[in-house]
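Participant:
Residue numbers (the numbering used here): 27 to 128.
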């Protein structure tokens, strides 16, 4: 698939997350404390809760339902109850826009 324009870079707060739905799939876009952008699957692998609603600290997001913590730079789960990692997607910022490769 081609790169997809998601949002303006300034639409996403530092240490924040944004939900993005495309082609029947949910993604989560994150901006860390170093002004870098990342994209993962948008639902927690434990109970399909939207991760963009979770607490973002540095390079991690905490699921708002059962507190599983994921490293959104790698997709790896760091804290149970989730056991399965998230898929990650390439992100670039061009012309002030966040674009993902899904």
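Positions of the beta carbon are idealized from the N, C-alpha and C atoms, including for glycine.
The model shown is predicted, which means the values in this text are computed figures rather than measured ones.
Quick one: complete beta strand (DSSP E) runs, 3+ long, within the stretch 42–74?
Facilitator: Complete beta strand (DSSP E) runs here, min 3: 42–48, 51–57 and 63–67.
Participant: Indicate whether residue 101 and residue 43 have their beta-carbon atoms separated by less than 9 Å.
Facilitator: Cβ atoms of residue 101 and residue 43: not closer than 9 Å.
Participant: What's the C-alpha gap between residue 53 and residue 30?
Facilitator: Going from the Cα of residue 53 to the Cα of residue 30 covers about 12 Å.
Participant: Can you grab the Cα-Cα spacing for the pair residue 89 / residue 95, in whole Å?
Facilitator: Straight-line Cα distance between these residues: approximately 6 Å.
Participant: In terms of residues, what are the limits of the beta strand (DSSP E) holding residue 33?
Facilitator: Segment 29–34, the beta strand (DSSP E) holding residue 33.
Participant: Count the other CB atoms, across all protein chains shown, that sit within 10 Å of the CB of residue 66; report buried if there are 16 or more and exposed otherwise.
Facilitator: Residue 66 should be labelled buried.
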